[in-house]
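In our numbering, the protein residues as written are 33 to 195.
Where a beta carbon is used, it is the ideal one built from N, C-alpha and C, also for glycine.
For reference, the structure is listed below as structure tokens.
Written out as structure tokens, the structure is:
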């Protein structure tokens, strides 16, 4: 989160009307709040119940994930399922597996604040790009919908039972 808080310092308040919503609770919160230095664009929402998290995906325009390490990072799946363009760290396996750089999001090295700034500003400026990424992210949901998976499974099983 420190990378994203520092990123907000690079984004002009006059040029961009943005807020960074930080969900979750942990031992670094006080340090992160001090780093944010009362910037009213950075909102610490604390722990959120699982059923409330989709609301935050719905009100977001983009999703930023600057993890220095994450074995998978299920939140990437959730952000893409919510059709959000994602700017994420390559240190997250889900980001590497699910994000096609420039197509449905962007990948950066975990400490690359310049990259996070570049891609975040690109998305903030380019609503056409955001729309195309959202559209692209809408497609995989159709392919993994339970009905589609059931049809594929039936077709596979039918091949073996008909032999």
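Kindly list the residues whose CB is nearer than 8 Å to the CB of residue i, restricted to its own chain and excluding five residues on each side of it in sequence; keep chain order.
i          : result
residue 94 : 116, 117, 118, 119, 152, 155, 156 and 162
residue 67 : 34, 37 and 38
residue 42 : 145 and 149
Between the alpha carbons of residue i and residue j, how many angstroms are there, rounded?
i           : j           : result
residue 170 : residue 111 : 11 Å
residue 97  : residue 149 : 12 Å
residue 160 : residue 48  : 17 Å
residue 124 : residue 192 : 38 Å
residue 87  : residue 114 : 10 Å
residue 61  : residue 133 : 31 Å
residue 58  : residue 135 : 33 Å
residue 44  : residue 104 : 32 Å
Under the rule that 16 or more other beta-carbon atoms within 10 Å means buried, what is residue i, buried or exposed?
i           : result
residue 107 : buried
residue 99  : buried
residue 78  : exposed
Note down, in chain order, each residue of its chain lying with its Cβ closer than 7 Å to the Cβ of residue i, except the 5 sequence neighbours on either side.
i           : result
residue 137 : 117, 118, 119, 120, 131 and 165
residue 147 : 140 and 141
residue 40  : 52, 71, 73 and 74
Name the DSSP bridge partner or partners of residue i?
i          : result
residue 93 : Answer is none; residue 93 lacks a bridge partner.
Roughly how far, in whole angstroms, is the beta-carbon of residue i from the beta-carbon of residue j, given that I think they are within contact range, below 8 Å?
i          : j          : result
residue 80 : residue 55 : 5 Å
Short of 6 Å in beta carbon distance, which residues of its chain neighbour residue i, apart from the five on each side in sequence? Order them along the chain.
i           : result
residue 102 : 124
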